[in-house]
Amino acid sequence: MTTSEVAPDLAASMRLSHPRLPRWAPVLVAVLAVAAAGLPAMLLGWSVVGWLALALVLFLVALPGWSMAVENNRAALDRLMTTLIWAAFGIAVIPLLWLIWTVVSKGASVINMEFLTYSMRNVVGEGGGIYHALIGTLLVTAAAAAISIPVGIFAAIYLVEYGKGTVLGRWITFLVDVMTGIPSIVAGLFALSLFVLLFGPEVRMGFGGSVALSLLMIPIVVRSAEEMLRLVPGDLREASYALGVPKWRTITRVVLPTAMGGIITGVTLAIARVIGETAPLLVIAGKTDSVNANLFNERMSTLPVYIYYSFTQPGITPPGATEAPGIARAWGAALVLIVIVMVLNLLARVIGKFFAPKKG
Amino acid sequence: MSVITSSPEKAPAKPPRSRGDRLFAGTAKGAGLAILAALAGVFIFLTIEGVPGLSQTEATYAPNHDFLSYVGPLIYGTILAAVLALLLAVPFAFGIALFISHYAPRKLAVPVAYVIDLLAAVPSVVFGLWGARSLATYLVPVHDWLYGHLSFLPFFAGPPSVTGRTIFTAGIVLAIMILPIITAISREVFAQTPRLDQEAALALGATRWEMVRLSVFPYAKSGMVSAVMLGLGRALGETMAVAMVLSASPVYTLNLISNTNPATVASNIASSFAEATPAKLHVLIATGLVLFAVTFAVNFAARWVVGRNERRMAR
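Read top to bottom, the protein sequences are chains A and B.
With full-length UniProt numbering, letter number 303 in the first sequence gets 303, and the count goes up by one each step, no holes.
With full-length UniProt numbering, letter number 160 in the second sequence gets 160, and the count goes up by one each step, no holes.
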C-alpha cells in the first residue's frame, strides 16, 4: 500500500481514524427526507403511503451519499444495508398491525350476546350468530387434542428415552420434521379418503375433522415435547436409577414432571395452531346452520369454515346497505377466532414462564 | 440435534426389565410407529381414492378434457403464486432475521421476534378475509399504476382488475404468510454463527455489513437455502388465503394483474369441493395427491439439507 511514500502529508496518512459522520446523522437525514418528500406529496396530492415511500427512497440515497462523501465506499454500503434491514423490519410489521386493526374495527361492532349465543338456524338476512360454530370448533379441536397429545408425548418419550441414536429414532425425527410441512388441505383429503372408504362416499362428520387436525398437530407436539425432554438433566435420571427405580417409573415420576411446564406450553401452541385451520374442516366436517354436538354424526360447522362460507355466500345485500349481512358476520367471527388464538398464545407464554424447567 | 451423531453409549449389562417397563417402552415405540403409519396412510389412502380420478369421463374434467389438461393450469398457478410469494418474502425475511440476530438492540430483538411469531399464529382464513376485503381494494391503484407504467412487461399486460382480486394480491398475502417460517429458520442459523468468526472480522476493520457478508452468510448458506425451501413448501400448500382472494379460471398466463387468474391446486380443491360429484371428488383427491407428492419432496429436501448442515457443523 502507500506506507512507503513518506510524503509531506505524513501526519494525514498516519491518522488512525477516518472521518465519521456524527451520531445524529441518520436522524437528521430522516427528518430532511420526510420534509423533502412532503413537498411533492402535498403539491401532487399523494396519499401518506406515497409520501413515506418517497421519503424512504430519498433517505436510501441521501445517507449513503453523504457517507460516501465524508467517510468511504465501504461505510456507505454499510449504512445502505443497515437502512435496508431496518426498513425490511418496518415494512413487515405493517401488515400485521393493519390486519389486526381491520379485524378489530370491523368485527367489534358485530359482537354482542346474540352473535355469541345464537346459531344460524332459520336465519335469512341479518341476525344469527356463531354459537353452533363455536361448539363445533371446541369439540373438533378437543377431540384432535385427545388423539394428538398422548401419541405426540409418547412418541417424544420414545425419541428421547428409548430410540436415541437408533435408525428408527432418526427416521421418526426426520419424518416428523417433514410432516410439519404437510399442507392442511392434504390432511383433510386424507381424512376424507379414510372415512369414505369406511362409511361410503357421502360421509361427513366432525370426528373426521379431528383426525385431519391431529395429523397436523402431532408433529408440533412431538417437536416441542422432544425438545423439553432433552432439557431434563441426565443427573436426575441417574439419581432415580441409583435408587433402584425402574425406567418407566423414572420417566413418569421424574422426567415428565420436570418437563411438564414446557410440554404444556408446546401443546397449547399446537392447539392454537390447529384451531384456526380451515381447509381440512371444510372438506370433511362440512357446514350446517344448526347446533350439532355429536362428533360422529353428520355435518358440523366450525368457526373457520363459518368465516369462509359467510364470505363466499354472504346473502343478499339489503337495499340501502353497502354490504351483505354475511360479510359483517365473517368479520365478527374472525375477531372471535383471532382472540381465541391470541389468548392461547399468551397462555402458552405465561405457562412457559411459570413452569420453566428447573436446571440441575 | 447433535444427538444424531453422538454414538450410543454402550450399556455395560442389560438390567432385568419388569413388565411395567416393557409395557411402557412398547407404548412409546408404538406411538412412534403410529406416526410413521399415519404418514404412510396419507400416501395409501390418497392413492386409493385418487387413482380412479385419473380416468373419469370427459365431462368430469370440464372445461378441460382429461386429467393432465385439468391439473396443468392448476400446477402452473400454484408455481406462479409460490414463486411470486418467494420473490416478495425472501428479501424481507432475511432482512428481518438479520435485524433480530445482528442489528436490533437487544431490548427490541425479543419483542420483534415475538411479533413475527404472532404473524404465524394468525389463521389463514383471516388472512384470506383481510386479503380479499381489505388489502385487495387498497391494491387496485397499485394495479392501475403497474399497468400504466410497466405494461410493456408481460406480467403487467393488463387490463387491470377493478376488484384487485388477482394473483398479484394473492402472492402478496402468501408472502406475508410464509414470512414467519423463513424468518424463524434463518434467524436461528444466523444466530449460530461462531462468535469468534464475527469478532475476528470486526477486529480486522470490517464494517458490520462486511462482517455479515464475510462471516455470517458463508456459514448460514445452506440453512438459508432450506429456509427458502420450507417457505416454498408452505406457499405451495396454502389453501384458504388463495381460494378467498382469487377469482380463478383455468388459464396459463403470465399476466399478474388481470381478471383471469389461474387457480392453485389447493385453492381449486377448496372452492370446487362443495359442488363436487363423487366422480369429481376422485379427481380432486388425485390433484391433492399430486400436491402432497410435490410438497413432500420439497420439505424432504429442505429438511435433509438442514440435517446435513447440522451434522457438518456439529463436527
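Just so it is clear, CB atoms sit at the ideal spot from N, CA and C, and this is done for glycine as well.
As the structure is a computational prediction, the values presented were derived from the model and not from experiment.
Helix, strand or coil at residue i according to DSSP, with G and I counted as helix
{"i": "N261 (chain B)", "result": "strand"}
{"i": "I248 (chain B)", "result": "At residue 248 (chain B) the sequence reads Ala, which differs from the Ile that was named. Strand."}
{"i": "M217 (chain A)", "result": "helix"}
{"i": "E238 (chain B)", "result": "coil"}
{"i": "R19 (chain B)", "result": "helix"}
{"i": "M120 (chain A)", "result": "coil"}
{"i": "N299 (chain B)", "result": "helix"}
{"i": "N73 (chain A)", "result": "helix"}
{"i": "S6 (chain B)", "result": "With a pLDDT of 45 at S6 (chain B), under the threshold of 50, the modelled position of this residue cannot be trusted, and the question is left open."}
{"i": "W46 (chain A)", "result": "coil"}
{"i": "T166 (chain A)", "result": "coil"}
{"i": "V110 (chain A)", "result": "coil"}
{"i": "F287 (chain A)", "result": "Note that residue 287 (chain A) corresponds to Lys in the displayed sequence, not to Phe. Residue state, collapsed to three classes: coil."}
{"i": "I264 (chain A)", "result": "helix"}
{"i": "E58 (chain B)", "result": "helix"}
{"i": "S17 (chain A)", "result": "coil"}
{"i": "Q198 (chain B)", "result": "helix"}
{"i": "L96 (chain A)", "result": "helix"}
{"i": "I51 (chain A)", "result": "Contrary to the premise, residue 51 (chain A) reads as Trp rather than Ile in this sequence. Here W51 (chain A) sits in helix by DSSP."}
{"i": "A144 (chain A)", "result": "helix"}
{"i": "R299 (chain A)", "result": "coil"}
{"i": "N345 (chain A)", "result": "helix"}
{"i": "S151 (chain B)", "result": "coil"}
{"i": "T253 (chain B)", "result": "coil"}
{"i": "H143 (chain B)", "result": "helix"}
{"i": "R230 (chain A)", "result": "helix"}
{"i": "D117 (chain B)", "result": "helix"}
{"i": "Y215 (chain B)", "result": "Residue identity differs from the one stated: residue 215 (chain B) is Ser in this sequence, not Tyr. Reduced to three states, the DSSP call for S215 (chain B) is helix."}
{"i": "E202 (chain A)", "result": "coil"}
{"i": "L180 (chain B)", "result": "Reading off the sequence shown, one finds Pro at residue 180 (chain B), where the question assumed Leu. Helix at P180 (chain B)."}
{"i": "E188 (chain B)", "result": "helix"}
{"i": "D66 (chain B)", "result": "coil"}
Which listed residue (the options) has its alpha carbon closest to that of residue i
{"i": "T287 (chain B)", "options": "A:F190, A:Y309 and A:L337", "result": "A:F190"}
{"i": "V112 (chain B)", "options": "B:G95, B:L236, B:E238 and B:Y70", "result": "B:G95"}
{"i": "L54 (chain B)", "options": "B:L174, B:P159, B:L284 and B:A82", "result": "B:L284"}
{"i": "L21 (chain A)", "options": "A:A35, A:A62, A:V49 and A:W46", "result": "A:A62"}
{"i": "P233 (chain A)", "options": "A:P219, A:A35 and A:V255", "result": "A:V255"}
{"i": "R230 (chain A)", "options": "A:T82, A:M260 and A:A33", "result": "A:M260"}
{"i": "F190 (chain B)", "options": "B:L289, B:A203, B:L179 and B:S215", "result": "B:S215"}
{"i": "I48 (chain B)", "options": "B:H282, B:G233 and B:A293", "result": "B:H282"}
{"i": "R79 (chain A)", "options": "B:A206, B:A274, B:G233 and B:A241", "result": "B:A206"}
{"i": "A118 (chain B)", "options": "A:F354, A:I340 and A:P318", "result": "In the sequence under discussion, the amino acid at residue 118 (chain B) is Leu, which differs from the Ala named in the question. For the residues A:F354, A:I340 and A:P318, the minimum Cα distance to L118 (chain B) belongs to A:I340."}
{"i": "Q313 (chain A)", "options": "A:A143, A:V124, A:V104 and A:M81", "result": "A:V124"}
{"i": "L39 (chain A)", "options": "A:N292, A:V151 and A:L58", "result": "A:L58"}
{"i": "A241 (chain B)", "options": "B:L254, B:Q192, B:S134 and B:A279", "result": "B:S134"}
{"i": "L80 (chain B)", "options": "B:Y219, B:S18 and B:F155", "result": "B:F155"}
{"i": "V34 (chain A)", "options": "A:R253, A:G50 and A:G45", "result": "A:G50"}
{"i": "E58 (chain B)", "options": "B:F296, B:T295, B:A279 and B:A301", "result": "B:A279"}
{"i": "S148 (chain A)", "options": "A:A225, A:S17 and A:A88", "result": "A:A225"}
{"i": "I307 (chain A)", "options": "B:N255, B:V298, B:I44 and B:V125", "result": "B:V125"}
{"i": "R165 (chain B)", "options": "B:A120, B:L236, B:W130 and B:T193", "result": "B:W130"}
{"i": "L281 (chain A)", "options": "A:S290, A:A212 and A:I316", "result": "A:A212"}
{"i": "P194 (chain B)", "options": "B:I185, B:G171 and B:P218", "result": "B:P218"}
{"i": "A333 (chain A)", "options": "A:A348, A:Y309 and A:L346", "result": "A:Y309"}
Supposed contact pair residue j and residue i - C-beta distance, whole angstroms, cut 8 Å
{"i": "I271 (chain A)", "j": "L335 (chain A)", "result": "No, I271 (chain A) and L335 (chain A) are not in contact; Cβ-Cβ is about 19 Å, not under 8 Å."}
{"i": "V221 (chain A)", "j": "G266 (chain A)", "result": "6 Å"}
{"i": "T258 (chain A)", "j": "L236 (chain A)", "result": "6 Å"}
| query | Counting pairs of Cβ atoms below 8 Å between the stretch 239 to 249 of chain A and the stretch 184 to 204 of chain A, do you hit three or more? | reply | no
| task | Taking 8 Å as the threshold, find out whether the stretch 264 to 281 of chain B comes into contact with the stretch 97 to 110 of chain B through three or more Cβ pairs. | result | Flag = no, the stretch 264 to 281 of chain B and the stretch 97 to 110 of chain B do not touch.
| task | Spell out a yes or no on whether the stretch 218 to 229 of chain B and the stretch 298 to 310 of chain B are touching, meaning 3 or more CB-CB pairs, one atom from each, closer than 8 Å. | result | yes
| Are the stretch 297 to 305 of chain A and the stretch 95 to 110 of chain A touching, with three or more C-beta to C-beta distances below 8 Å? | With the cut-off at 8 Å, the stretch 297 to 305 of chain A and the stretch 95 to 110 of chain A do not touch.
| message | Measuring CB atoms only, is the stretch 148 to 155 of chain A touching the stretch 29 to 44 of chain B, in the sense that at least three cross pairs come out at less than 8 Å? | response | yes
| task | Mind the definition here: the stretch 22 to 35 of chain A touches the stretch 63 to 79 of chain A only if three or more C-beta pairs lie below 8 Å; say whether that holds. | result | yes
| said: With a threshold of 8 Å, are at least 3 pairs of Cβ atoms found where one atom belongs to the stretch 100 to 120 of chain A and the other to the stretch 138 to 156 of chain B? | reply: no
| message | I'd like to know if the stretch 241 to 254 of chain B and the stretch 67 to 74 of chain B are in contact, where contact means that at least 3 CB-CB pairs between them fall below 8 Å. | response | yes
| field | Validate contact between the stretch 175 to 194 of chain B and the stretch 230 to 238 of chain B using beta carbons, cut 8 Å, 3 pairs | value | yes
| message | Three Cβ pairs or more, each shorter than 8 Å: is that satisfied between the stretch 69 to 77 of chain A and the stretch 156 to 175 of chain B? | response | Contact between the stretch 69 to 77 of chain A and the stretch 156 to 175 of chain B is absent, because fewer than three Cβ pairs lie under 8 Å.
| field | Meets three-Cβ-pair contact criterion under 8 Å: the stretch 302 to 317 of chain A and the stretch 133 to 141 of chain A | value | yes
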